[in-house]
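Here the structure is laid out as structure tokens; the discussion comes afterwards.
Residue numbers (this note's numbering): 211 to 725.
Right, dumping it as structure tokens:
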């Protein structure tokens with residue numbers, strides 16, 4: 211039995227992988243710096259007695275005593291690598307206690323931040339962001355190596371867009387179709403145009419200006435819908451127009467993700483156009499295949515999962531998550547994006563009778579990973595930078611509010627709505643939404659936005675979300691100035707014109723749960 215056992219042992223278990231890899235010319239030698247961060251240090255008494263303070267990790271550690279040291283490698287290009295797989299003669303289960311510790315810190319901090327801001331009547335999103343900024347490298351430095359946490363947190367983006375796709379329905383856009391679709395598209399185009407012109411006048415890259423326009427065009431569906439529901443205005447005329455525009459923006463998120471790789475390229479205009487054409491062709495093929503699968507495969511799969519999950523929803527929940535991740539993975543492999551694939555997966559299921567059941571199953575997972583994602587985004591915010599540049603950030607927020615309010619109000623008025631309704635819609639859409647963080651993170655990964663511009667946009671978005679509830683609370687005060695006189699009461703009269711345009715039930719409550 212022993213010869214047979216030796217034969218089936220993993221190749222190289224007893225030899226040096228380093229030497230064999232270099233000998234096979236699969237790698238090249240390079241000088242790196244090794245940094246070992248000891249979690250605890252023994253004092254003189256402990257060192258003399260040969261004792262070591264108790265650590266929770268020691269209960270599970272099967273390696274030698276110095277295995278608790280955290281090792282980081284830095285190459286000559288300042289790339290940082292965290293050691294994750296220490297050499298072992300035999301295959302063993304290895305646990306990354308640093309990742310566990312970091313996740314505990316992030317989750318607890320996000321929970322505390324969300325609770326505090328919820329008690330203050332502010333969006334919990336802001337609590338997650340500020341919690342991350344406090345514990346991150348720019349704050350108390352409880353978490354200094356963010357690679358692993360950010361990797362896990364990316365599931366938050368995937369499940370956010372998956373849930374968004376599950377709530378998608380063409381009938382919702384038909385409620386206020388022209389102003390929602392055409393008006394929403396015009397808002398995005400105008401903001402991109404204005405940002406592009408401003409970027410060229412300031413000597414910046416046109417691609418950066420286009421991205422800033424895309425970035426600014428996103429408003430916060432979660433925050434706005436929550437406000438409208440609390441004021442019982444989601445079925446009012448201004449509420450219908452606002453929610454319809456928000457739905458269109460949410461649908462456009464996937465296409466904006468697909469546009470980012472083109473903006474991040476270093477090719478010329480011609481090659482950029484060719485890349486965009488190739489991207490649109492790939493996108494068309496992907497969506498066509500998704501449509502066929504939606505018609506032939508998805509309903510049968512979900513029906514089978516429902517039958518197999520008659521006793522428990524565990525299998526159905528797992529199948530829904532697997533379907534989302536598979537679609538996201540395929541989209542990413544085709545050069546599109548994880549976000550687009552997960553959104554398409556949600557839309558595919560939204561056409562079936564199992565959409566609401568799937569959303570109910572995925573929602574807890576979505577909420578958990580979304581909080582983790584927003585906290586990880588917050589870790590990128592440097593508190594010192596925000597405090598040092600608070601004047602610039604406040605000025606940026608004011609510019610964003612004024613520009614977005616003006617653009618949205620003018621477009622809404624152009625579609626025949628009253629000046630009062632147009633101005634209110636403009637104010638409701640004046641902030642930068644939470645999905646802008648997703649766009650910003652993606653743009654940073656492809657080096658489209660870097661340095662102070664990244665921090666400026668990050669800080670502007672955070673302050674925009676913080677000030678949004680304050681801006682909404684100023685609306686009743688503005689009514690007494692005569693501009694919005696008797697807004698809420700008069701809107702009820704205007705609603706008589708559009709009783710046929712009632713908001714479909716269920717959407718507002720579904721979006722309210724996002725917060």
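Heads up, the beta-carbon is just placed ideally off N, CA and C, and yes, glycines get one too.
Here the structure is a predicted model, which is why all the values come from computation and not from measurement.
Of 466, 339 and 393, the smallest CA-CA separation from residue 653 is found for 466.
Annotation for residue 550: the continuous alpha helix (DSSP H) segment containing it runs 548-560. In this structure, the alpha-carbon of residue 522 lies about 42 Å from that of residue 591. If you draw a straight line from the Cα of residue 334 to the Cα of residue 327, it is about 6 Å long.
At a Cβ-Cβ threshold of 8 Å, residue 401 and residue 426 count as neighbours. With a threshold of 16 other beta carbon atoms within 10 Å, residue 494 falls short and is exposed. For residue 305, no alpha helix (DSSP H) run applies, since DSSP gives it neither H nor E. If you draw a straight line from the Cα of residue 492 to the Cα of residue 599, it comes to about 42 Å. For residue 641, the closest C-alpha among the options 628, 659, 669 and 662 is that of 669. The Cβ-Cβ distance between residue 557 and residue 406 does not fall below 8 Å. The residues 334, 337, 338, 341 and 581, in chain order, have a CB closer than 8 Å to that of residue 324 in the same chain once the five nearest residues on each side in sequence are set aside. Between the region 410-427 and the region 345-363, the count of Cβ pairs shorter than 8 Å is below three; the stretches do not touch. For residue 573, the closest of 310, 369, 284 and 358 by C-alpha to C-alpha distance is 369. DSSP, read as helix, strand or coil, puts residue 512 in helix.
Contact check for residue 468 against residue 489 passes: the beta carbons are separated by less than 8 Å. Where residue 603 is concerned, the enclosing alpha helix (DSSP H) starts and stops at 600-624.
Counting C-beta atoms within 10 angstroms of its own C-beta, residue 624 has fewer than 16 neighbours from the protein chains shown and is therefore classed as exposed. If you check the CB distance, residue 615 and residue 637 come in under 8 Å. When DSSP states are grouped into helix, strand and coil, residue 442 belongs to the coil group. Annotated three-state conformation of residue 429 is coil, per DSSP.
Assignment of residue 339 by DSSP, reduced to helix, strand and coil, places it in the helix class. For residue 504, the closest of 551, 604, 318 and 562 by C-alpha to C-alpha distance is 562. A direct Cα-Cα distance of roughly 13 Å separates residue 372 from residue 541.
Here residue 527 is near residue 571, since their CB atoms are less than 8 Å apart.
Residue 329 has its alpha-carbon roughly 38 Å from the corresponding atom of residue 537.
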